[in-house]
Every structure is written in structure tokens, then in C-alpha cells.
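Just below is one structure, and these are the notes that go with it.
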Amino acid sequence: MKKTYLFLLTALMFAIFACTIPKEIEVRGSLSNIKFETQTDFSETFQTMIKDSFKEDNVIKLLDCINVNDIQTYLVYMMAIDEEFEFKIDGSNLLIGEYESNLIPDGFNYTLENETTVYESDNNDDIKLSFSSFTDVLTGFTFNEESIKAMLWVTSDDDIVKSAKIEMTFVELDGYGNEVASSSKSEVIDDIDITKTSGVTSTNGTYTGNSLPPDGHEMNILTEKINSKKDCKIKVKVTLPAGTTIEGRFANGVPVDIKADILIWFPMDLIAGSNATISFPDDVFEGVGGFIDSVTEYMESLTLVVGMKQNPFKAGTLVMTQEGTPLNIRNQLSGNELKFKLSESDINIIEKIPSFKPAVDIVFQPGASIKIPRALEATYVTFSAQISYMLMGDK
């Protein structure tokens, strides 16, 4: 790009001086609001963050809420339970898989003498969630706990499941995937309604609703764990309480099915805390850095503006730095624009940097509310500059 500018300046000088080249020419002036149309999507930064946290597999599906246009929103579908269990009755003894209990005869039926486990997930079945990936993009932010909703739906063909108690234990994981048992918290769901289902499928990758389906069982701990920004896993345990009636028909090995789905309504609704920073990956503003690097030889100052359809960051300050250098450019944002304003001293610093690859962050004051829209797109770039260039001739 520098060669292109040099060629244009040289051609201009030849035209003005009729091919008589002076010893040196100082070119000074200004460029105002040179505009380029662009289509750059910043949404991928946040989409990747969510995909890294809720990694899709046979249990977890991430659904895009396509009818929520004002804020980027996802529905996380997790299959917590999909099991069948059988009662094996031998006199007063009850065996359910590897779990045993005592029975009290009650006519043709039986009564459980003790609380009895009918299902418990193992390490292979535990749901693993990588909330630590939120720290890569959202330093100092929490998600608005009033916006995130998590619910559980339980279904079964047998009424005995109405008596069950489902215990969800959230266990923190360290950086090596090991359990930090001291951090575990549990949420117990009982009084189960097995006649209602969420009606959500996990096959098409999208969700058309504007909220969670009704009639689920609320799960409040999940929001707390999301804001911890620490990896965790969900261990699931299903028990039948003491006093539960076990019908005599179960003695013949009739299987009982139980399914449970967790849904999380997850909008990108953020609240700034201390040191709140949104950090963009290097490649997002790589072109901006390359452009600035290519023109500093000719510029005394430069203002570069990235226009956006919507700017959710207007309460923040745009900060450009490069590690190992004194560069620290800070521009307060407003309206639907991201503005890079470089002074003469900034240009002088950049000229001395061998490879200019700046880090671009947006920092916020505590309490600021940031809602990331579904369409986070740049539509144009404009720049204005003060030019100062010395064109040298032969002596």
C-alpha cells in the first residue's frame, strides 16, 4: 500500500512541475471522510464463546433463537436422563439395578422402608460444561441473572415417577478436569409433573419461540454456576422416598422409563463489574491494524471510524494497545460507531513498532449494561487524516 501512495504522489508531482523534479517537496494537507462500504460481522466472537461453553454432543445441543432479533439469544438443550429401570422383588428385598432396599408387604403391593436410588449418573453420563471459556472474551462481566432462565422437564409412562426426587449436583472442575468436591452445590426437584413436556427437539439447530416453554421446574443454581466462569459438571441422582408404594405388578420385571431435559434460555445480556473488558480476537481488527501501519509514514494524525448497524458498546471506551510498547490509545464511544483517533504522538510510536498488531479492547464502567444484538455488523469505514510527507529528489 505504501508503494501505491508513493506512486500517486510521484505522478502528481510530475504533472505539476512538467517533469522537472525539485530537490525535495513537502506534501501537506488533509483528507476528510473517505468512505468505504464493508460487511464485517462481529457476531462470531460471541457465537464462538457460547459454542465453546456448551460443546455439542449426544447430550447437549445449542439452538439458535432465530426470532429474537434485538439480542443474540440461544436455547441450550441438555438431555439429563434417558433411562429405564426394573424392580426385582424377592420377599421383603428389593433390587433396582445395583441398589437394594427393604420392602414392607402391603396387601398385593409393597411399601419402601428406606429411600432408594433408582438411577445415578456416572462419570461417562455426567454433563460437562466449560464456563471458563467466558473469561477469554468477557473479563469483568456477569450475565444478567434476571434474563437467564433454566428449567427441567420430566416425562415417564408410569405414575410412580411422580413420587421420585431428582437431585442435580453441580461440581466445579479444576484446569485438569478433576472434581473440586468442596465447591459442589445441589438442587433437588420433587413434586414432579410427568404430564408436561417442553416440546423442544434438538434436531434442527433453531428455536422459534421467544421464551422458554411453560410448566418446567426452575433450576436457579445453573445461573450462579454460569456466572462463576468455572468449568463444572452436573451429576444426576433419582431416588424414591421411604413410604413409596411399589405395586405388585412390578414383581414381574415391568420396566419404568424416565426422561428429563434441561433447557437454558441464554441471551447475551451483560452487566459490567470491575475491570469489565470485551476483548476481540486478533483477527477481528487485523485489517485495521494493517491499514494504520501502512499509512503512518504519510500521516501526522488519523481518525478511523467503523460504522455499525447497532453499537451495543456505546457506553464503553475503545482501547488500542500493543504489548511491549507505550502505545495506549483510548477513545470514548458514542452512537453507532467505533472510532480510532490517533494523534501525532500515537503515529510516532506506531512508526517505530516493527510489526504493528494491536490488541483492541472495549472497557466499561461498573454497572454498565451491554446487550449484544443478533446482527452485530460493520457497514462502512471512513477515515480522515492530516498528511505530511517529504518527497526527496536527486541531489
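Adding 47 to a residue's 1-based position in the sequence shown gives its number in this note's numbering. All residues carry an ideal CB built from backbone N, CA and C; glycine is no exception.
Let me confirm a value: residue i is counted as buried when at least 16 other C-beta atoms fall within 10 Å, else exposed. Which label applies?
i      : result
Val218 : buried
Ile213 : buried
Lys282 : buried
Gly414 : exposed
Asp129 : exposed
Asp88  : exposed
Ser416 : exposed
Pro401 : exposed
Ala127 : buried
Ala319 : buried
Glu234 : buried
Ala432 : buried
Ile236 : buried
Ile339 : buried
Ile239 : buried
Pro261 : exposed
Gly222 : exposed
Thr85  : exposed
Pro152 : exposed
Ser139 : exposed
Thr372 : exposed
Ser168 : buried
Leu59  : Caution is warranted here: a pLDDT of 34 is assigned to Leu59, below 50, making its placement in the model unreliable, and no coordinate value can be reported.
Residues in the same chain with beta-carbon distance under 6 Å from residue i, minus the five sequence neighbours each way, listed in chain order, please.
i      : result
Lys388 : Thr350, Asn378
Val352 : Glu384, Lys386, Thr429
Ile97  : Tyr121
Glu131 : Pro302, Asp304
Asp408 : Thr324, Ser326, Val366
Ile107 : Phe101, Met125
Asp393 : Ile376
Lys418 : Ile118, Asp316, Pro359
Glu133 : Gly300, Pro302
Ser33  : Because the chain in this structure spans residues 48 to 442, residue 33 falls outside the shown range and cannot be described.
Leu53  : With a pLDDT of 39 at Leu53, under the threshold of 50, the predicted position of this residue should be treated as unreliable, though the coordinate-derived value follows. Cβ neighbours of Leu53 beyond the five flanking positions: none.
Leu269 : Ala197
Met355 : Asn383, Ala425
Gly246 : Pro260
Glu192 : Thr270
Quick one: what's residue i bridged to in DSSP?
i      : result
Val342 : None, per the DSSP bridge assignment.
Val149 : The residue asked about is misnamed: residue 149 is Asn in this sequence, not Val. Paired residues: Asn140.
Arg377 : Val366
Gly414 : Paired residues: none, contrary to the question.
Ala197 : Ile311
Asp129 : Lys306
Phe190 : Leu317
Gly354 : Glu384, Tyr427
Leu122 : Leu110, Trp312
Asp88  : Glu424
Phe83  : Val428
Is the beta carbon of residue i sitting closer than 8 Å to the one on residue j?
i      : j      : result
Tyr427 : Lys82  : yes
Lys463 : Gly300 : There is no way to answer for residue 463, as the model of the chain reaches only from 48 to 442.
Cys292 : Val165 : Position check: residue 292 holds Thr in this sequence, whereas Cys was assumed. No, the Cβ-Cβ distance between Thr292 and Val165 is not below 8 Å.
Thr244 : Ile113 : no
Gly295 : Asn156 : yes
Glu344 : Glu398 : yes
Val123 : Asn257 : no
Lys508 : Lys175 : The requested residue 508 does not occur in the structure, where the chain is confined to residues 48 to 442.
Thr92  : Val227 : no
Gly363 : Leu374 : no
Thr216 : Ser231 : yes
Excluding the 5 residues flanking residue i on each side, which residues of the same chain have their C-beta closer than 8 Å to its C-beta?
i      : result
Ala65  : In this prediction, Ala65 has a pLDDT of 36, which is less than 50 and means its spatial position is unreliable; what the coordinates show is noted afterwards. Contacts found: none.
Ser321 : Gly187, Pro413
Gln369 : Ile400, Phe403, Lys404, Pro405, Ala406
Leu220 : Lys175, Glu226, Val227, Lys277, Asp278, Cys279, Lys280
Near residue i, which residues of its chain fall below 7 Å by C-beta distance, leaving aside the five closest residues on each side in sequence?
i      : result
Gly336 : Phe403, Lys404, Pro405
Met198 : Leu259, Gly263, His264, Glu265, Met266, Leu310
Ile241 : Val201, Thr202, Ser203, Val208, Lys209
Asn161 : Ser148, Asn149, Ala289
Phe190 : Ile273, Asn274, Asp316, Leu317
Ser194 : Pro314, Asp316
Val410 : Ala323, Thr324, Gly363, Thr364, Val366
Asp99  : Ser177, Ser180
Pro420 : Asp117, Ile118, Gln119, Gln357, Pro359
Asp173 : Lys280, Ile281, Lys282
Segment contact, 8 Å Cβ cut-off, at least three pairs: the stretch 297-308 with the stretch 200-207
yes
Does the stretch 135-144 come close enough to the stretch 246-257 to have 3 or more Cβ pairs within less than 8 Å?
no
Specify whether the stretch 176-192 and the stretch 271-286 touch according to this definition: at least 3 beta carbon pairs, one from each stretch, less than 8 Å apart.
yes
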